[in-house]
Structure formats: structure tokens, C-alpha cells
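K.L.:
Submitted below is the structure of interest, expressed as C-alpha cells.
In this note's numbering, the protein residues as written are 43 to 379.
Below you can see the structure in the form of C-alpha cells.
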């Protein structure tokens, strides 16, 4: 059985239809409203996956206001929304406080509180997690912003989870959800986070290194020296955490190939294959072609054709799919309590 996918795209629809589709998708969470002088109807697109009791999705939208009132709070389950702004941002009230969130920052949105924000055109990642899964987080105890270290670790984890969600198998879902829940409990609850144990510190260093690699894949000579300077750690520390992964440069090569595959799996990706490979650090098209085929068993062109054919047959996901998820997760939470 395939993992449930979320695919909501309003690009190309007439404004009224786009707004109606977008509003239906967001209805358990927010009411989208226009806020610019043009009063243009708001719209957006989302592409993601339902991983058990969690949702991870890439979300892009134009300028608009988001409102979560008492009626929505009463009518939907109790969740935490972690919203990473890759670009764009917003100003407004979340988690009971005024906040301003910009690129690279994760907004921690406690959905037990009302939300009133004005957002700019943004590209984001959204991770929705039931409060019951995180244990010990009481309404009113979360701040809307994290300190820089926690923010960067959470951003790295969310980006990794989204990238891997395109290929994750049903058998892997439970483990990935448990791993993410444990990470979030440590990140959001543990008061002495900087004093974490050696294993957790190595895991965190690996996450930050992976994020640094992902952000700098276009650098053809991405090296251990570059990463050590970027992360302000010794080369010995890097070699230690990368040893189980076959070494730093082997890991860099793997991340390049996985990033290309993720791009080719994205129905919203429009770059030519050669451009994607170049943007992700492959200086030789011939080298890229050989490496991709050796790693995945097909050529990149063949893989993209399969993905494009599948996308062409993909229908927009009914808003009922995500609405049903809210109901099912709520029922599970009640049984657990």
C-alpha cells in the first residue's frame, strides 16, 4: 500500500477556483484572507505526504493573511505546526505572542492558540505533529521562535524528512515517525539542550553537516576543510561522525545524487536535467549520468520520464484526504489517553 500523498496545485486555475481549492485544503487550520491593497484572492500549492500521524509538505503561497479563530480551535485536534520559511515570511500573532518570521527560521505554531498573521509570498516546509505524540508540551509553554542552534537543527531535520519522504516505504514510516517524535521531544522540551549527551551531540553535528552540504551542493569542491570551517568544528570531529557513512566525500556524492532524484520526483520542478545536475554540483554531465545510473539502476532521463508520466496522471488530492487525517489522528489520540 502506497503512502498517502498530498498534491494540491492552484497554479493555472481561475482565481475563484484557486481560492476555493486553497481554502478547502487549509480549512482545518486557517482561513486564508487577502491583505494586500489589490484584494487579490489568496491561493497556494502543497506537495507532501502523510507519514502515519504526521504530515510533511512543501507549501508555496502568495501574499495573504491567515486566521485561526476559536471555532477552528474547538473543531480540530490539538497539534503543533512547525513551519520553516525557506523564503518569504510573516508578521503576526502565533503561540500566544507577536512574532516576525523570516527566511531560514522555523515558526513554532501551537494550534491551541488563535493565529492572526500577514504573510508575504513564501516557499515553506510544514511539519504537523499531534501534541499527544510529543508528551509534556502543555498549551502556552511553546515560544514562537527557537534559539539559533535549535532552529538550525529543526530546519535540517525537516528538510531531510521532506526530501526522504518522496522515497520512503510504508515499512519505514513507523520508524521515521518515532525518530522524528523523539527528536522533537528532545529539541522542544529538554531545558538543558546544550548539555546533551555525546551521542545526541554527534547526531546533531551530523544533521547540521548534512544541512551545510545540502545548502552548498553547487560548490564543486565541497570539502572537509570547507565543512569544518562552516560548522566551526575540527576535521577530526567531522571524520568521526561521517565514518559510519563511508566518509565525507562519499556522503557528499550520495547527497548530490539523492538531491537530483528528489528534484526529478517533484512535479513542480521545471529546470532542465542538465541544469539540475549543474546546480547540484556535477561539473561533468557524463560523470553525472554514469553516477546516477550506477546508483539508481536507470538513467536520469528515464527516471524523469517515469516521474513526469506519473505526475501527468496524478489528480489533485481531494481536500477530504487531509480532513479525514485530522479526524483519524484525533480518534487515535483519544484512545491513547
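All C-beta atoms, glycine included, are put in the ideal place defined by N, C-alpha and C.
So residue 230 and residue 179 are supposed to be a Cβ contact under 8 Å. How far apart are they, rounded?
P.N.:
Locating residue 230 in the chain shown gives position 188, counting from the first residue. Locating residue 179 in the chain shown gives position 137, counting from the first residue. With a Cβ gap of about 6 Å, residue 230 and residue 179 count as contacting.
K.L.:
Take residue 196 as the anchor and find which of 248, 57, 181, 314 has the nearest alpha-carbon.
P.N.:
Locating residue 196 in the chain shown gives position 154, counting from the first residue. For the residues 248, 57, 181, 314, the minimum Cα distance to residue 196 belongs to 248.
K.L.:
Looking at residue 86: is its Cβ nearer than 8 Å to the Cβ of residue 104?
P.N.:
Here residue 86 refers to the residue found at position 44 of the chain shown. Here residue 104 refers to the residue found at position 62 of the chain shown. It is a contact, given that the beta carbons lie within the stated cut-off.
K.L.:
Is residue 91 closer than 8 Å to residue 122 when the C-beta atoms are compared?
P.N.:
In the chain shown, residue 122 corresponds to position 80, counting from 1. In the chain shown, residue 91 corresponds to position 49, counting from 1. No; because the gap between Cβ atoms is not below 8 Å, this pair is not in contact.
K.L.:
Skipping 5 residues on each side, what residues in its chain have a beta carbon closer than 8 Å to that of residue 269?
P.N.:
Residue mapping note: residue 269 aligns to position 227 of the chain shown, counting from 1. Result list for residue 269: 251, 254, 255, 280, 290, in chain order.
K.L.:
Provide the residue(s) that pair with residue 159 in DSSP beta bridges, ordered along the chain.
P.N.:
The residue given as residue 159 occupies position 117 in the chain shown. 108, 134.
K.L.:
Do residue 89 and residue 128 have their beta-carbon atoms positioned less than 8 Å apart in this structure?
P.N.:
For the purposes of this step, residue 128 is identified with residue 86 of the chain shown, where counting begins at 1. For the purposes of this step, residue 89 is identified with residue 47 of the chain shown, where counting begins at 1. No, these two residues do not count as a Cβ contact at 8 Å.
K.L.:
Where DSSP assigns a beta bridge to residue 142, which residues make up the other side?
P.N.:
To locate residue 142, count along the chain shown from 1; it is residue 100. 133.
K.L.:
Determine the DSSP secondary structure at residue 274, reduced to helix, strand or coil.
P.N.:
Counting from one through the chain shown, the residue named residue 274 turns up at place 232. The answer is coil: DSSP assigns residue 274 none of H, G, I, E or B.
K.L.:
Could you check what DSSP says for residue 166 in three-state terms: helix, strand or coil?
P.N.:
Along the chain shown, read from residue 1 onward, the residue named residue 166 stands at position 124. Strand, per DSSP.
K.L.:
Would you mind stating whether residue 266 and residue 277 have Cβ atoms separated by less than 8 Å?
P.N.:
Sequence index remark: in the chain shown, residue 266 carries index 224 (1-based). Sequence index remark: in the chain shown, residue 277 carries index 235 (1-based). Yes, these two residues count as a Cβ contact at 8 Å.
K.L.:
Between the alpha carbons of residue 301 and residue 205, how many angstroms are there, rounded?
P.N.:
Residue numbering aside, residue 301 sits at position 259 when the chain shown is read from its first letter. Residue numbering aside, residue 205 sits at position 163 when the chain shown is read from its first letter. Approximately 8 Å, taken between the alpha carbons.
K.L.:
Enumerated in chain order, which unbroken segments of the alpha helix (DSSP H) with a length of 4 residues or greater are wholly contained in the stretch 295-354?
P.N.:
Runs found: 315-321, 327-338.
K.L.:
Please state whether DSSP places residue 75 in a helix, a strand or coil.
P.N.:
Locating residue 75 in the chain shown gives position 33, counting from the first residue. Here residue 75 sits in strand by DSSP.
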